[in-house]
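Please read the structure below before turning to the comments.
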Amino acid sequence: MSGRRLTNVIRTLRFHAGEMTQGELGEKIGVTRQTVAAIEQGKYSPTLETAFRIADVFEVPLEQVFSWAEE
Amino acid sequence: MMAYREKTAWLAIAGMVIGYGLLFAVAQVQGGIEAMTVQRFLLLFAIASAVRVLIELAGRFGLARQAGVEAGVPADERDRAIAARSATFAYIVLLTGMIIVGMIMPFSAHGIAIVGAALVAIVAAELVRYLAIALSYRLGWQ
Numbered sequence: 153m154s155g156r157r158l159t160n161v162i163r164t165l166r167f168h169a170g171e172m173t174q175g176e177l178g179e180k181i182g183v184t185r186q187t188v189a190a191i192e193q194g195k196y197s198p199t200l201e202t203a204f205r206i207a208d209v210f211e212v213p214l215e216q217v218f219s220w221a222e223e
Numbered sequence: 233m234m235a236y237r238e239k240t241a242w243l244a245i246a247g248m249v250i251g252y253g254l255l256f257a258v259a260q261v262q263g264g265i266e267a268m269t270v271q272r273f274l275l276l277f278a279i280a281s282a283v284r285v286l287i288e289l290a291g292r293f294g295l296a297r298q299a300g301v302e303a304g305v306p307a308d309e310r311d312r313a314i315a316a317r318s319a320t321f322a323y324i325v326l327l328t329g330m331i332i333v334g335m336i337m338p339f340s341a342h343g344i345a346i347v348g349a350a351l352v353a354i355v356a357a358e359l360v361r362y363l364a365i366a367l368s369y370r371l372g373w374q
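First to last, the sequence lines map onto chains A and U. Our numbering applies: residue 153 is where the first sequence begins, and numbers increase by one. Our numbering applies: residue 233 is where the second sequence begins, and numbers increase by one.
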C-alpha cells in the first residue's frame, strides 16, 4: 500500500449540501468541528463507523466519499 | 486554528519546561544534584512541580474562558485515539526509565542519583505524552 494515500471529497459534498459547515457535519456524525477539518485535510482517517456516517449524511456510497490517490 | 486540546498540551509542555527547567538551573548553581541531600532535592522537585501545576491551572483557566463552549465538548474518536497513542509512547519511556533505575543503576549508583533518575524518568514520560498529543494535533495522525 506504499505510495498511496486516502483522499476524500467531503468539502465538495458539504458545499453541494447547502453549504453545510464543518460544525454542522460534525454534529450529525458525532465528532468535533476540528476532527471534520482534520479528516478533510487528510490529517486523520476516521473509524469505519464514522466514515459510513459521513456517507449516510450525504446519501452517497462510501467509495464516493473516500478513495485512494497516488502520492 | 489550534484545537483546545492541542493548546492545553502545549501549555503542559511549557509548564514542565519552566518548572523543571528552574529545578535544573538551581541544581546546577548549587553544584549539581549529587551535591544535594535527598531531602533538599525532593523539596526542590516539589517546588518545581508546584510551579508547573500553577502555570497549568492558570493557563487552563485562561484557555477555557477563551475557548468557551469548545472547552466543555467531550472527547471524540480522534481525541481518544490521540490520547491513547500518546499514553502508549509515555508508557514505553516510563518502562524504560524504571528498568534503568531499578535494574541497572543500583549496581553503579545510589541515593540521590537513583532518586533523581526515577523522577527524571517520570517527567520524561509526561513530556513525551504531551509532545505526542500536541504533535498529533499539529501534524496530523494516520
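Heads up, the beta-carbon is just placed ideally off N, CA and C, and yes, glycines get one too.
Same chain, Cβ closer than 8 Å to residue i, five either side skipped, listed in chain order
i	result
isoleucine 265(U)	Ala259, Phe273, Ile344, Ala345 and Gly348
Chain U contact for residue i (CB, 9 Å cutoff)
i	result
glutamine 193(A)	yes
threonine 164(A)	no
valine 183(A)	yes
glutamine 174(A)	no
threonine 187(A)	yes
Short CB-CB distance (under 9 Å) between residue i and chain A
i	result
arginine 310(U)	yes
tryptophan 373(U)	yes
alanine 257(U)	no
alanine 299(U)	no
alanine 235(U)	yes
Residue from the options with nearest C-alpha to residue i
i	options	result
alanine 257(U)	Gly294(U), Ala244(U), Val270(U) and Phe277(U)	Phe277(U)
leucine 286(U)	Tyr236(U), Ala241(U), Gly247(U) and Ile314(U)	Gly247(U)
alanine 280(U)	Ile314(U), Leu351(U), Arg292(U) and Gly304(U)	Leu351(U)
arginine 310(U)	Arg185(A), Met172(A), Lys180(A) and Val161(A)	Arg185(A)
threonine 104(A)	Gly182(A), Thr199(A) and Phe210(A)	Because chain A in this structure spans residues 153 to 223, residue 104(A) falls outside the shown range and cannot be described.
aspartate 308(U)	Ala169(A), Ala190(A), Trp220(A) and Glu223(A)	Ala190(A)
Beta bridge counterpart(s) of residue i as assigned by DSSP
i	result
glutamate 222(A)	Arg156(A)
Contact set for residue i: own chain, Cβ-Cβ below 6 Å, skip 5 residues either direction
i	result
tyrosine 236(U)	Ala299, Glu302 and Ala303
serine 318(U)	Arg361, Ala364 and Ile365
leucine 359(U)	Met248
asparagine 160(A)	Val217 and Phe218
Open item on the list: Which residues of the stretch 191-219 of chain A have a Cβ closer than 8 Å to any Cβ of chain U? Give them in chain order.
Closed with: Gln193, Gly194, Lys195, Tyr196, Ser197, Pro198, Thr199 and Thr202
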